[in-house]
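There are 2 protein chains.
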Amino acid sequence: MCESTGADDNTVLEVACHDCGLDPLCEVLGYGKHELCETDAVLMRRQPVQRGAVLFRPDQPFYALFAIKSGSFKAVSVDLSGKERVVGFFLPGDLIGTEGIANHVYSYAVRALEESSVCKLAVNRLLNSGQDTEKLQAALIRMLGQEVVVNHLVTTSLIQQNAEQRIAAFILSLSKRSGLRGMPQYQLILSMSRSDIASYLGLARETVSRVLTKFQNYGLIGLRKHVLKVLNPEGLEKATIFR
Amino acid sequence: MCESTGADDNTVLEVACHDCGLDPLCEVLGYGKHELCETDAVLMRRQPVQRGAVLFRPDQPFYALFAIKSGSFKAVSVDLSGKERVVGFFLPGDLIGTEGIANHVYSYAVRALEESSVCKLAVNRLLNSGQDTEKLQAALIRMLGQEVVVNHLVTTSLIQQNAEQRIAAFILSLSKRSGLRGMPQYQLILSMSRSDIASYLGLARETVSRVLTKFQNYGLIGLRKHVLKVLNPEGLEKATIFR
DNA sequence: CGTTTTCTTTGATCTGAGTCAATTTCTAGG
DNA sequence: CCTAGAAATTGACTCAGATCAAAGAAAACG
Numbered sequence: 002m003c004e005s006t007g008a009d010d011n012t013v014l015e016v017a018c019h020d021c022g023l024d025p026l027c028e029v030l031g032y033g034k035h036e037l038c039e040t041d042a043v044l045m046r047r048q049p050v051q052r053g054a055v056l057f058r059p060d061q062p063f064y065a066l067f068a069i070k071s072g073s074f075k076a077v078s079v080d081l082s083g084k085e086r087v088v089g090f091f092l093p094g095d096l097i098g099t100e101g102i103a104n105h106v107y108s109y110a111v112r113a114l115e116e117s118s119v120c121k122l123a124v125n126r127l128l129n130s131g132q133d134t135e136k137l138q139a140a141l142i143r144m145l146g147q148e149v150v151v152n153h154l155v156t157t158s159l160i161q162q163n164a165e166q167r168i169a170a171f172i173l174s175l176s177k178r179s180g181l182r183g184m185p186q187y188q189l190i191l192s193m194s195r196s197d198i199a200s201y202l203g204l205a206r207e208t209v210s211r212v213l214t215k216f217q218n219y220g221l222i223g224l225r226k227h228v229l230k231v232l233n234p235e236g237l238e239k240a241t242i243f244r
Numbered sequence: 002m003c004e005s006t007g008a009d010d011n012t013v014l015e016v017a018c019h020d021c022g023l024d025p026l027c028e029v030l031g032y033g034k035h036e037l038c039e040t041d042a043v044l045m046r047r048q049p050v051q052r053g054a055v056l057f058r059p060d061q062p063f064y065a066l067f068a069i070k071s072g073s074f075k076a077v078s079v080d081l082s083g084k085e086r087v088v089g090f091f092l093p094g095d096l097i098g099t100e101g102i103a104n105h106v107y108s109y110a111v112r113a114l115e116e117s118s119v120c121k122l123a124v125n126r127l128l129n130s131g132q133d134t135e136k137l138q139a140a141l142i143r144m145l146g147q148e149v150v151v152n153h154l155v156t157t158s159l160i161q162q163n164a165e166q167r168i169a170a171f172i173l174s175l176s177k178r179s180g181l182r183g184m185p186q187y188q189l190i191l192s193m194s195r196s197d198i199a200s201y202l203g204l205a206r207e208t209v210s211r212v213l214t215k216f217q218n219y220g221l222i223g224l225r226k227h228v229l230k231v232l233n234p235e236g237l238e239k240a241t242i243f244r
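Protein chains in written order, with our numbering: chain H, 2 to 244; chain D, 2 to 244.
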């Protein structure tokens with residue numbers, strides 16, 4: 002084994018492979034058992050990533066998919082007017098880079114929000130890997146199909162909602178994703194800044210701040226520094242509905 | 002041949018197959034040459050659809066992908082609060098139903114906005130079709146990958162924009178899609194109602210109305226009934242940027 | 001450890017877009 | 001062709017959330 006996570010700090014939260022978005026492919030590849038830490042490996046597991054490090058930049062040729070093992074990332078793209086916008090957050094188990102499959106280049110920059118680790122699948126080496134092509138393709142189809150579903154849900158809900166609804170939905174989405182990946186559902190680390198959240202949700206950072214304190218006053222959440230506790234999930238759920 | 006488009010009306014605008022989103026699959030299937038109009042066919046081409054007719058409803062089991070040959074459709078879903086929301090418009094060449102691939106059910110209703118025709122690919126019959134599975138899968142991957150790219154673009158842009166920017170971007174997106182599919186780029190038919198546009202963009206229908214007249218006054222577009230002419234594409238492009 | 005810089009919160013004000021209401025225009029049906 | 005109902009436009013008013021401003025809390029760094 003060559004796991005170099007370093008810290009045996011028990012606060013490091015990792016997804017189990019069977020809860021990860023890349024799992025369909027890893028399964029076909031036998032979890033890369035025979036090629037761990039080889040530089041030319043198709044699947045490289047648990048690569049450490051420093052806080053602030055960049056996985057890839059826009060217009061860089063597509064060469065790999067990433068799955069987050071631990072930590073978190075943000076996706077940033079620069080729009081036509083030159084402004085930076087956060088276009089996504091990624092948590093353990095999430096899949097990064099799927100747009101590159103059709104585009105052949107990445108379309109945004111992805112930056113680590115904290116000390117993290119990723120599994121890296123070198124797609125360009127996949128076809129020469131001697132694996133069963135049909136199974137690989139089937140796995141890719143499952144993953145892409147899932148991606149389409151999730152993206153569409155995000156889109157259609159955010160556009161129609163006001164500030165409170167967006168923020169309630171944002172918190173619940175973090176919470177649900179975390180739970181789905183076998184991690185604590187009601188205790189979240191907001192590793193991104195308020196400005197990042199605001200940019201992602203299309204709000205001013207002052208609004209994010211105000212709504213978060215409002216939610217605290219209502220007892221929906223507890224927030225201390227960057228640790229967010231979901232105290233009343235049903236209440237938050239209702240907050241996403243009423244207008 | 003058994004093309005039953007009926008009307009030889011030369012105003013009916015159709016995409017050519019090589020401009021269609023379903024083409025990667027149709028190509029593999031040899032465009033269904035040998036099975037036109039068979040009821041158990043894998044690929045059924047140019048099925049006529051009445052104005053107002055429904056292709057599928059939410060929660061209905063996934064069984065087919067559709068590609069629009071002519072006409073237009075809207076996707077409608079009902080949110081948690083019970084309100085109907087337009088979540089997408091489809092033009093000739095667009096692919097409908099991709100979310101069903103992973104979900105196994107459709108997630109919204111799709112309704113024809115006018116007299117239309119579609120090509121229908123019975124996915125459940127695809128695997129038993131005796132075709133080369135590897136090629137079929139590769140085609141599906143290309144299509145899904147494309148879908149991921151397009152969806153993400155739509156999402157991230159709409160959320161950050163004000164009313165004028167959204168409407169300018171909406172018009173340009175219709176225009177570009179139309180041009181991309183080999184159809185007139187600067188003369189569009191707005192087959193959907195103002196309310197539909199408003200619902201899709203997350204605006205009030207009065208706002209859509211006001212902005213459209215503003216754009217007319219600025220000479221960016223010409224609008225008579227449901228025929229929209231893009232008079233100044235660069236101007237519209239700028240309108241998507243400045244805030 | 002103190003200093004600087006960045007991030008966050010809170011308050012005051014302003015504005016874009018929603019809502020309500022009244023016409024006007026379009027469409028479908030007889 | 002006329003008429004009823006639906007869709008679209010236009011105006012007046014209101015309010016959610018942006019912007020501006022300033023103070024307070026954390027993080028970064030020599």
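Just so it is clear, CB atoms sit at the ideal spot from N, CA and C, and this is done for glycine as well.
Unbroken beta strand (DSSP E) run spanning Arg58 of chain H, endpoints:
Neither: Arg58 of chain H is in no beta strand (DSSP E) and is coded neither H nor E.
Would Thr214 of chain H count as contacting chain D if we go by Cβ distances under 7 Å?
no
For Asn129 of chain D, count neighbouring Cβ atoms within 10 angstroms of its own Cβ and tell me buried if that reaches 16, exposed if not.
exposed
What residue does the beta strand (DSSP E) around Ser78 of chain D start on, and which one ends it?
74 to 79
Neighbour-count burial assignment, Asn218 of chain H, 16 or more Cβ in a 10 Å radius:
exposed
Determine whether the Cβ of Thr156 of chain H lies closer than 7 Å to any Cβ atom of chain D.
yes
Lys61 of chain H to Leu127 of chain H, Cα distance in whole Å?
Checking the displayed sequence, the identity of residue 61 of chain H turns out to be Gln instead of Lys. About 19 Å.
I need the DSSP call for Leu14 of chain D, collapsed to helix, strand or coil.
coil
Neighbouring residues, chain H, relative to Arg143 of chain D (Cβ below 9 Å):
Ile102, Ala103
I think Ile168 of chain D touches Val231 of chain D, with their Cβ atoms under 8 Å apart; what is that distance to the nearest whole Å?
With a Cβ gap of about 13 Å, Ile168 of chain D and Val231 of chain D do not count as contacting.
Test: Thr134 of chain D CB closer than 7 Å to a CB of chain H:
yes
How far does the beta strand (DSSP E) with Glu85 of chain D in it extend, from its first residue to its last?
85 to 91
Using C-beta distances below 7 Å, list every residue in its chain close to Arg195 of chain H, excluding the 5 sequence neighbours before and after it, in chain order.
Arg206, Val209, Ser210
Within chain D, the residues that His19 of chain H reaches when beta carbons sit closer than 7 Å:
Near His19 of chain H there are no residues of chain D at all, since even the closest Cβ is about 17 Å away, more than 7 Å.
Determine the direct distance from the alpha carbon of Gly101 of chain H to that of Gly31 of chain D, and round the result to whole angstroms.
28 Å
In this structure, how does DSSP classify Val210 of chain D when only helix, strand and coil are distinguished?
One detail in the question is off: residue 210 of chain D reads as Ser in this sequence, not Val. It is helical.
Local conformation of Gly101 of chain H per DSSP, three classes
helix
Beta-carbon proximity list for Asn163 of chain D, same chain, < 8 Å, skipping 5 on both sides:
Arg244
Would you verify that the beta carbon of Val29 of chain H is, or is not, closer than 7 Å to some beta carbon of chain D?
no
Taking only beta-carbon atoms, is Gln161 of chain D less than 7 Å away from chain H?
yes
Quick one, which of D:Leu229, D:Leu56, D:Cys27 has its alpha-carbon nearest Ser246 of chain D's?
An answer regarding residue 246 of chain D cannot be provided, because it is not within the stretch 2 to 244 covered by chain D.
Report the rounded CA-to-CA distance for Leu37 of chain H versus Arg46 of chain H, giving the unit in angstroms.
Confidence in Leu37 of chain H is poor, its pLDDT being 49 and thus under 50, which makes the residue's placement too unreliable to answer from.
Could you name the residues of the same chain whose beta carbon sits closer than 8 Å to that of Gly22 of chain D, not counting the 5 residues immediately before and after it, in chain order?
Ala68, Gly94, Asp95, Leu96, Met144, Gln147
Selection of the region 108 to 142 of chain H by Cβ proximity to chain D, strictly under 8 Å:
Ser108, Thr134, Glu135, Gln138, Ala139, Leu141, Ile142
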